[in-house]
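Asks:
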Amino acid sequence: MPFIKTQDNTDIHYKDWGSGQPIVFHHGWPLSGDDWDTQMLYFLQQGYRVIAHDRRGHGRSSQPAGGHEMDTYAADVAALAKHLDLRDAVHIGHSTGGGEAARYVAQHGEGRVAKLVLIGAVPPLMLKTETNPGGLPIEVFDGIRAGVANDRAGTYWEFPLPFYGFNRPGVKVSESVRANWWRQGMMGAANAHYECVAAFSATDFTEDLKKISVPTLVMHGDDDQIVPIADSALLSAKLLRNATLKVYPGFPHGMCTTHADVINPDLLAFIRS
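For the sequence shown, UniProt numbering gives the first residue as 1, with consecutive numbering after it.
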């Protein structure tokens with residue numbers, strides 16, 4: 001399997017299929033590049049080169065003790081982009097991956113990035129603070145950390161229910177989707193997942209968003225129970241210089257899986273525009 005080695009000797013696993021304009025997919029917590037399989041197959045068939053990496057400590061990448069914060073995540077992506085000589089690339093980030101993609105584009109993307117897509121993404125800041133009163137209280141994230149530390153398998157079995165909106169009245173649970181989420185989560189490292197909670201919740205991406213000038217599509221379901229839309233997409237779209245906001249009524253956080261038939265064509269239209 002293909003890996004690159006970062007400056008701190010961490011092995012980052014990646015998938016690289018096809019040729020043409022590259023599309024780079026950034027996955028959410030605590031998953032892996034496998035979460036993008038539906039999108040990767042779709043865009044491969046549309047003639048694009050599709051790339052998805054496993055964040056350090058996630059999936060098949062190695063499990064270092066450190067580097068589990070956004071600056072290092074972005075630097076890892078920069079190392080991958082340099083190794084593959086990616087240019088005119090479209091970066092698509094979901095959830096935590098949206099924060100990673102935004103920081104990469106803002107800090108490292110000059111001359112390499114054509115467009116950016118943020119889907120159910122954590123920017124500009126998830127955590128409630130004095131300057132971000134609409135954020136989620138620290139107790140929410142402390143609870144996630146406690147779940148990872150004390151019963152990771154159980155926590156990951158329950159988390160997909162709100163993630164995909166399976167807890168909503170009349171919505172049938174897809175046991176295969178749930179099991180695949182659990183499988184991806186349990187492949188990664190407990191320490192990386194624990195530390196990543198702070199990375200996705202307490203990192204302020206405001207200045208990153210202000211710096212980004214490439215066309216950016218902000219996609220969000222208005223029934224997102226993981227990253228509430230009011231304090232994420234609606235604010236990000238105002239901070240970005242060249243943003244298009246697309247809100248999906250009733251769609252959950254994991255809408256790339258539950259509503260791929262809608263999301264994929266919308267992504268294709270944006271990329272081709």
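Just so it is clear, CB atoms sit at the ideal spot from N, CA and C, and this is done for glycine as well.
These numbers come from a predicted model, not from an experiment.
Leaving out the 5 sequence neighbours to the left and right, which residues in its chain are closer than 6 Å to residue 162 when beta-carbon positions are compared?
Replies: The answer, listed in chain order, is 225.
Asks: Cutting at 7 Å between CB atoms, please list the residues of its own chain near residue 204, excluding the five before and the five after it.
Replies: So the list reads 124, 125, once near-sequence residues are dropped.
Asks: Are three or more beta carbon pairs between the segment 92-105 and the segment 20-40 nearer than 8 Å?
Replies: Enough Cβ pairs lie closer than 8 Å, so yes.
Asks: Sorted by chain position, which residues of the same chain lie with C-beta nearer than 6 Å to residue 63's C-beta, five sequence neighbours on each side aside?
Replies: Contacts found: 57, 189.
Asks: How many angstroms separate the CA atom of residue 241 from the CA atom of residue 217?
Replies: If I take the Cα positions, the gap works out to 11 Å.
Asks: Are there three or more Cβ pairs, one per stretch, closer than 8 Å when the segment 3-11 is compared with the segment 34-51?
Replies: No, the segment 3-11 is not in contact with the segment 34-51.
Asks: Decide if residue 249 is buried, meaning its Cβ has at least 16 other Cβ atoms within 10 Å, or exposed.
Replies: Per the 10 Å Cβ criterion, exposed.
Asks: Over the uninterrupted alpha helix (DSSP H) stretch that includes residue 27, give me the two end residues.
Replies: Per DSSP, residue 27 belongs to no alpha helix (DSSP H) and is neither H nor E.
Asks: Determine the burial state of residue 17: buried for a count of at least 16 other Cβ atoms within 10 Å of its Cβ, exposed for fewer.
Replies: Its Cβ having fewer than 16 others within 10 Å, residue 17 is exposed.
Asks: Which one or two residues does DSSP pair with residue 220 in a beta bridge?
Replies: In DSSP, residue 220 forms a bridge with 247.
Asks: If we call anything under 8 Å between Cβ atoms a contact, is residue 206 one with residue 239?
Replies: Yes; because the gap between Cβ atoms is below 8 Å, this pair is in contact.
Asks: Kindly give me the distance between the Cβ atoms of residue 194 and residue 148, rounded to whole angstroms, as I take these residues to be in contact under 8 Å.
Replies: So it is a contact: roughly 5 Å between Cβ atoms.
Asks: Residue range of the beta strand (DSSP E) that residue 118 falls in?
Replies: Unbroken beta strand (DSSP E) run through residue 118: 113-119.
Asks: Let's test the definition: count the other Cβ atoms within 10 Å of the Cβ of residue 129 and tell me whether it reaches 16, buried, or not, exposed.
Replies: With fewer than 16 other Cβ atoms within 10 Å, it is exposed.
Asks: What residue ranges within the segment 147-171 form continuous alpha helix (DSSP H) runs of no fewer than 4 residues, ordered along the chain?
Replies: Complete alpha helix (DSSP H) runs here, min 4: 160-163.
Asks: Verify whether the separation of the beta carbon atoms of residue 81 and residue 107 is less than 8 Å.
Replies: No, these two residues do not count as a Cβ contact at 8 Å.
Asks: Under 8 Å by Cβ, that's how I've got residue 256 and residue 119 pegged, so tell me the actual separation to the nearest angstrom.
Replies: Indeed they touch by this definition, with Cβ atoms about 6 Å apart.
Asks: Name the DSSP bridge partner or partners of residue 12?
Replies: Note: residue 12 sits in a beta bridge opposite 4.
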